[in-house]
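>
Numbering (the UniProt record's numbering), first residue to last: 1 to 206.
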């Protein structure tokens, strides 16, 4: 049996269909070209296209602004994976692997360094302060059940106050950055220093 050459048949069919288009008279082709609308050729550059384009109300189309290089007040979340100080602190405290480095880096960003609540430790500080206050109060009441309230508050402040927690942080090896910024290692504690004459911000909680 012989093979059927479909390519040859299809080629003959295409040439047969294209012959009448080639044999049209010149006057008919000129009439068809005149009836067709003129083709507009746009350049590949978007800038040239936007300069010539005008809207129906007469206003020109503004060029889309390209995103500029914005600087963030605190390090990005991706920088936590490359911080040796953060990994060393995580291992030194023997924390669970379920606690990600991004969350630990967030605990080292004070609201004075980054005002965005999604990237500072304001919520975590409030939660941690409440938990420490409950544990310290429970231990003091169980150990000294008849303490006056003023003495109880003073003892609780001595155990979980800011000065005590600062000393604990130094014992853990937490270092403070000279100034907050995007380029700072996430393993540093970041906060902005108060200017002379500036009042302390009011903080809630304990």
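From the three backbone atoms N, C-alpha and C, an ideal C-beta is built for every residue, glycine too.
Taking 7 Å as the threshold (C-beta atoms), are residue 108 and residue 167 in contact?
Not closer than 7 Å, so no.
> Measuring alpha carbon to alpha carbon, tell me which of 163, 193, 171 ends up nearest residue 177.
The shortest C-alpha separation from residue 177 is found at 193.
> Rounded to whole angstroms, how far is the Cβ of residue 156 from the Cβ of residue 137, which I believe are closer than 8 Å?
With a Cβ gap of about 6 Å, residue 156 and residue 137 count as contacting.
> Just to confirm the assignment: which complete alpha helix (DSSP H) runs, minimum length 4, are found wholly within the region 96-182?
Fully enclosed alpha helix (DSSP H) runs of 4 or longer: 101-106, 122-143, 149-160, 162-172.
> To the nearest angstrom, how far is it from the Cα of residue 75 to the Cα of residue 164?
Between residue 75 and residue 164, the C-alpha separation is close to 27 Å.
> In the DSSP assignment, what are the bridge partners of residue 189?
Note: residue 189 sits in a beta bridge opposite 176.
> State yes or no: is the C-beta of residue 186 within less than 7 Å of the C-beta of residue 86?
Cβ atoms of residue 186 and residue 86: closer than 7 Å.
> Check for me: the alpha helix (DSSP H) holding residue 84 runs from which residue to which?
Looking at the DSSP string, the run of the alpha helix (DSSP H) that includes residue 84 is 84-92.
> For residue 106, does the count of other Cβ atoms within 10 angstroms reach 16, so buried, or fall short, so exposed?
By the neighbour-count rule (16 or more Cβ atoms within 10 Å), residue 106 is buried.
> Around the Cβ of residue 46, are there at least 16 other Cβ atoms within 10 angstroms (buried) or fewer (exposed)?
Reliability fails at residue 46, whose pLDDT of 45 lies under 50, so the model's placement of it is uncertain and the value that follows must be treated cautiously. Burial call: exposed.
> Just to confirm, is the Cβ distance from residue 196 to residue 113 under 7 Å?
It is not a contact, given that the beta carbons lie outside the stated cut-off.
> So, under 8 Å CB-CB, residue 152 and residue 140 are touching, yes? Tell me the CB distance rounded to an integer number of Å.
6 Å between Cβ atoms; contact.
> Between residue 184 and the rest of its own chain, which residues show a CB-CB distance below 7 Å, the 5 nearest in sequence each way excluded?
Closer than 7 Å at Cβ, skipping near neighbours: 75, 177, 190.
> Assign residue 48 to one of two classes, buried (16 or more other C-beta atoms within 10 Å of its C-beta) or exposed (fewer than that).
Note that residue 48 has pLDDT 45, beneath the 50 cutoff, so the model's placement of it is unreliable and the number below is only indicative. Result: exposed.
> Rounded to whole angstroms, how far is the Cβ of residue 102 from the Cβ of residue 124, which I believe are closer than 8 Å?
So it is not a contact: roughly 12 Å between Cβ atoms.
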